[in-house]
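One structure is given here, and the rest of the page talks about it.
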Amino acid sequence: MERGAGVRCVYIHIPFCRKKCDYCDFVSYAGKEELIDRYVEALIKEINSPPPFGFPPLLLREGDKGGELETLFIGGGTPTLLESAHFEKIISSIICHLSLDICHSEITVEANPKTADRQKLQALKELGVNRLSIGAQSFNDRHLKTLGRIHDSADILRFYDDARSIGFENISLDLIFAIPGQTLEEWQTDLKTAIGLRPNHLSTYNLTIEESTPLHEEITNNRIQITNNETEATMFEYSIEALVAAGYQHYEISNFARPGFECQHNLNYWKNGNYIGIGAGAHSHINGQRWSNTASIEEYINTPSSFLPLSKGENAESALADEARGGQRETLFLGLRMLDGLSAAKFQGFEEEVNQLLNEGLLARNHGHYHLTRRGIMLGNQVFERFV
Ligand code: SF4
2 MERGAGVRCV YIHIPFCRKK CDYCDFVSYA GKEELIDRYV EALIKEINSP
52 PPFGFPPLLL REGDKGGELE TLFIGGGTPT LLESAHFEKI ISSIICHLSL
102 DICHSEITVE ANPKTADRQK LQALKELGVN RLSIGAQSFN DRHLKTLGRI
152 HDSADILRFY DDARSIGFEN ISLDLIFAIP GQTLEEWQTD LKTAIGLRPN
202 HLSTYNLTIE ESTPLHEEIT NNRIQITNNE TEATMFEYSI EALVAAGYQH
252 YEISNFARPG FECQHNLNYW KNGNYIGIGA GAHSHINGQR WSNTASIEEY
302 INTPSSFLPL SKGENAESAL ADEARGGQRE TLFLGLRMLD GLSAAKFQGF
352 EEEVNQLLNE GLLARNHGHY HLTRRGIMLG NQVFERFV
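Going by the numbering used here, the sequence shown opens with residue 2, and the numbers climb by one from there.
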């Protein structure tokens with residue numbers, strides 16, 4: 002999606018979790034499930050509300066009254082904590098107000114294997130959900146415990162099997178590596194198990210230890226050890242080799258897909274496209290302006306329906322300043338995450354940075370595109386910081 006082309010991608014945030022995982026600093030809350038009904042009502046109010054900042058009806062390109070959403074992503078938190086009836090309300094409201102065509106749009110729901118049974122999966126399928134992103138993280142129960150996940154390996158396998166037998170073809174598995182105490186062999190086993198399930202998409206993330214999480218405290222108090230950098234790099238390299246050998250295309254630093262199954266919703270983020278985020282803590286971006294909704298569930302619910310208080314996101318200032326260069330910096334550091342890279346023309350004005358990166362072997366030029374080298378993939382942050 003091109004910048005300024007209208008909004009074709011919508012994210013809906015479901016900030017409820019049964020239990021907070023020990024590494025998690027996302028906008029998600031445990032023990033607030035009694036608020037789900039009211040939260041869903043608030044979502045529907047926001048879906049029906051006019052957009053902020055005086056933007057025109059957002060989901061249509063100018064003069065294009067027949068515009069339809071290309072992607073809808075219901076993420077969290079744990080969306081599958083919602084009942085089927087909640088999904089029905091949300092999706093039918095989107096269909097009514099935001100031109101969603103369930104036959105042609107990519108409709109993703111993030112799923113936790115412990116929070117949806119066959120019945121719920123069946124309902125999601127019937128509502129038009131055509132992509133499941135399963136938060137597996139590991140198939141090793143000891144590591145799932147370290148992460149504080151509520152499910153075990155058997156739950157993932159059962160859930161995956163149910164989803165497949167119900168007819169979900171487009172399934173993504175999220176996996177985490179460099180979990181404290183995880184050996185290279187254990188990570189290799191996780192990957193082999195995942196590949197054996199034949200999902201169409203895999204995301205592999207190295208564990209980031211965020212401050213103010215229980216895992217951070219455990220590490221600070223020397224109760225558990227972080228994985229050393231060398232092992233972490235070897236795990237990452239192994240992931241790339243194993244997944245590419247299994248027929249997956251490495252299309253973004255942490256993402257792999259069978260041809261045609263790249264996540265269109267996330268590709269739009271990396272292309273610095275426009276999107277609207279609905280729900281507590283959700284971020285939006287339209288033509289260089291970014292903002293986020295309040296992260297508080299209660300505040301979100303209690304806000305009058307038509308004008309939810311949208312605070313500018315933390316990046317709003319820099320995004321606005323950046324607008325003078327057409328949001329070029331954002332386009333570069335987001336776009337370089339994609340393995341195809343970006344057309345050389347987009348780097349105009351950044352010749353010095355580009356030359357440095359070429360000399361350091363972090364960037365390469367191919368068919369008029371600059372893209373990360375293998376070394377650049379491994380040291381991505383050193384590349385991105387030149388454009389922030
Ligand atoms: S399920 Fe996801 S969002 Fe919820 S606490 Fe765990 S990592 Fe965080």
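Backbone N, C-alpha and C fix where the C-beta goes; we use that ideal spot for every residue, glycine too. Small disclaimer: the values here were computed from a predicted structure and weren't measured.
{"Check": "Jot down the residue ranges of each uninterrupted beta strand (DSSP E) in the region 68 to 108, minimum 3 residues, whole runs only, in chain order.", "Outcome": "72 to 77"}
{"Check": "Could you tell me which uninterrupted alpha helix (DSSP H) segments, each at least 4 residues in length, are contained entirely in the region 316 to 378, listed from first to last along the chain?", "Outcome": "317 to 323, 329 to 336 and 352 to 360"}
{"Check": "Based on Cα-Cα distance, which residue from G77, S134 and G7 lies nearest to K21?", "Outcome": "G77"}
{"Check": "K21: beta carbon under 7 Å from a heavy atom of the ligand SF4?", "Outcome": "yes"}
{"Check": "Let me confirm a value: E263 is counted as buried when at least 16 other C-beta atoms fall within 10 Å, else exposed. Which label applies?", "Outcome": "buried"}
{"Check": "Indicate whether A281 and V110 have their beta-carbon atoms separated by less than 8 Å.", "Outcome": "no"}
{"Check": "Looking at the strands, I want to know which residues DSSP matches up with V384.", "Outcome": "None, per the DSSP bridge assignment."}
{"Check": "In three-state DSSP terms, what is H14?", "Outcome": "strand"}
{"Check": "Whose C-beta lies closer than 6 Å to the C-beta of T98 among residues of the same chain, with five residues either side of it excluded?", "Outcome": "In the sequence as presented, Thr is not what sits at residue 98; that position holds His. Within the same chain, H98 has close Cβ partners I48 and N49."}
{"Check": "Is any heavy atom in the ligand SF4 found nearer than 7 Å to the beta carbon of S154?", "Outcome": "no"}
{"Check": "So which of K146, L203 and I287 has the shortest CA-CA distance to A243?", "Outcome": "L203"}
{"Check": "Reducing DSSP to helix, strand and coil, say where F178 ends up.", "Outcome": "strand"}
{"Check": "What are the boundary residues of the alpha helix (DSSP H) that includes H266?", "Outcome": "Q265 to W271"}
{"Check": "Go ahead and label L358 buried or exposed: buried means 16 or more other beta carbons lie within 10 angstroms of its beta carbon, across all protein chains shown.", "Outcome": "buried"}
{"Check": "Is the beta carbon of Y252 less than 8 Å from the beta carbon of M339?", "Outcome": "yes"}
{"Check": "With N207 as the anchor, note down where its beta strand (DSSP E) starts and where it stops.", "Outcome": "H202 to N207"}
{"Check": "Is T295 near the ligand SF4, with its Cβ less than 7 Å from a heavy atom?", "Outcome": "no"}
{"Check": "When you measure from the CB of T74 to every non-hydrogen atom of the ligand SF4, does any distance come out below 7 Å?", "Outcome": "A small fix is needed here, since residue 74 is Phe in this sequence, not Thr. No, Cβ of F74 sits at least 7 Å from all heavy atoms of the ligand SF4."}
{"Check": "Along the chain, where does the alpha helix (DSSP H) that runs through R39 open and close?", "Outcome": "I37 to N49"}
{"Check": "Compute the beta-carbon to beta-carbon distance between Y24 and L148, rounded to the nearest angstrom, for a pair I have assumed lies under 8 Å.", "Outcome": "6 Å"}
{"Check": "If you draw a straight line from the alpha carbon of P215 to that of D26, how long is it in whole angstroms?", "Outcome": "10 Å"}
{"Check": "If you draw a straight line from the alpha carbon of I302 to that of E386, how long is it in whole angstroms?", "Outcome": "37 Å"}
{"Check": "According to DSSP, simplified to helix, strand and coil, what is T116?", "Outcome": "coil"}
{"Check": "Excluding the 5 residues preceding and the 5 following T374 in the sequence, name in chain order all residues of the same chain whose CB lies nearer than 8 Å to its CB.", "Outcome": "G362, L363, L364 and A365"}
{"Check": "Check whether the Cβ atoms of I254 and G381 sit closer than 8 Å, and answer yes or no.", "Outcome": "yes"}
{"Check": "Measuring alpha carbon to alpha carbon, tell me which of Q183, I180, H152 and Q123 ends up nearest R1.", "Outcome": "Outside the displayed span of the chain (2 to 389) sits residue 1, for which this structure offers no information."}
{"Check": "Helix, strand or coil: how does DSSP classify K20 here?", "Outcome": "coil"}
{"Check": "F140 and I157 look like a contact to me (Cβ under 8 Å); what is the Cβ gap, rounded to whole Å?", "Outcome": "7 Å"}
{"Check": "Is Y30 helix, strand or coil by DSSP?", "Outcome": "strand"}
{"Check": "Rounded to whole angstroms, what's the CA-CA distance from E3 to T332? Just pull it up for me.", "Outcome": "Only weak support is given to the placement of E3: the predicted model assigns it a pLDDT of 44, under 50, and the question is left unresolved by the model."}
{"Check": "Check whether the Cβ atoms of L133 and A112 lie closer than 8 Å to each other.", "Outcome": "yes"}
{"Check": "Check whether the Cβ of N360 lies closer than 7 Å to any heavy atom of the ligand SF4, and answer yes or no.", "Outcome": "no"}
{"Check": "So N207 and F237 are supposed to be a Cβ contact under 8 Å. How far apart are they, rounded?", "Outcome": "6 Å"}
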